[in-house]
């Protein structure tokens, strides 16, 4: 693993904090007390992700949160306040939920790897956010749930990310019962990659980010896009698609450089896109 030598600079953008640590962009939800995904927070998060998507310097994005909750999901108070609108709130509800879906899709389509750093409760759309990230690392006291069914609102949009991250029957268990699961169960379900003590969370996240940032950005971009595309295909179609991707990848400059470096027993020099 190549060490990343960098400086850290933090910027505040309303309910979202942005910290640049060399090739790593750290986005921290900062909407106390529950880090609800209000319109303002989602718009800030979407803007930061879109900006990162065209950056040549950013190699990894980390999504974290302040306080004791990762995120309690949609801002139900904000949404409920629009029930007095002439349409009963329909337009605002659709705006809110579609914006959340756009944030999740943007994470999946981002050329950089996205890591969720979870310390605390991630519920409903907050759980959806964790499930949408490429990797998720949490503390041993973190918890997760999709409790919409408890309040008459099935977590249909969180379901999309959850069923693609967790095993199907376990995802359905969370959706049907609305019960909270602990970190160990979340790992067993496939929702998170690793569980670490709280005092080591940032250290482990930084290590993962550093390892990923040391890889070919071209290969990571190709691979991440291919991963999500093939996952939705039948097996034979997925192999056919992946063959084409790998052939094109073999012809790319970074593959030529990486293989040459491996055979020549030297460190590769990746081309900046």
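In my numbering, the protein residues as written are 116 to 388.
Just so you know, even glycine gets a beta-carbon here, dropped at the ideal spot from N, CA and C.
Computed from a prediction, not measured in an experiment: that's the story for all the values here.
Identify the continuous beta strand (DSSP E) that holds residue i and give its terminal residues.
i	result
residue 144	139-144
residue 252	250-254
residue 131	131-136
For residue i, is the classification buried or exposed, using 16 other Cβ atoms within 10 angstroms of its Cβ as the cut-off for buried?
i	result
residue 129	exposed
residue 386	exposed
residue 192	exposed
residue 282	exposed
residue 199	exposed
residue 265	exposed
residue 118	Bear in mind that a pLDDT of 34 at residue 118, under 50, signals an unreliable position, so the number given afterwards is only what the model happens to contain. Looking at its Cβ environment, which holds fewer than 16 other Cβ atoms inside 10 Å, residue 118 is exposed.
residue 196	exposed
residue 267	exposed
Find the nearest neighbour of residue i within the set the options, judged by alpha-carbon distance.
i	options	result
residue 257	169, 231, 153 and 324	231
residue 417	163, 261, 210 and 271	The structure shown does not extend to residue 417, since the chain is modelled only from 116 through 388, so no value can be given for it.
residue 225	327, 199 and 339	339
residue 251	154, 299 and 271	299
residue 326	222, 166 and 137	137
residue 329	154, 174 and 142	174
For the putative contact between residue i and residue j, defined by C-beta atoms under 8 angstroms, what is the C-beta separation to the nearest angstrom?
i	j	result
residue 259	residue 242	5 angstroms
residue 152	residue 180	Actually they are not in contact, since the Cβ atoms of residue 152 and residue 180 sit about 11 angstroms apart, beyond 8 angstroms.
residue 237	residue 186	6 angstroms
residue 311	residue 319	5 angstroms
residue 274	residue 291	In fact, because the Cβ distance is near 11 angstroms, the residues do not count as touching under 8 angstroms.
residue 341	residue 357	6 angstroms
Look up residue i in the DSSP assignment and say whether it is helix, strand or coil.
i	result
residue 244	helix
residue 236	strand
residue 353	helix
residue 394	Because the chain is modelled from 116 through 388, residue 394 falls outside the range shown and cannot be assessed.
residue 378	helix
residue 181	coil
residue 119	With a pLDDT of 35 at residue 119, under the threshold of 50, the modelled position of that residue is not reliable, and the figure given next carries that caveat. Note: residue 119 maps to coil in three-state DSSP.
residue 311	strand
residue 261	coil
At what residues does the alpha helix (DSSP H) containing residue i begin and finish?
i	result
residue 266	Per DSSP, residue 266 belongs to no alpha helix (DSSP H) and is neither H nor E.
residue 325	316-328
residue 211	205-224
residue 300	298-304
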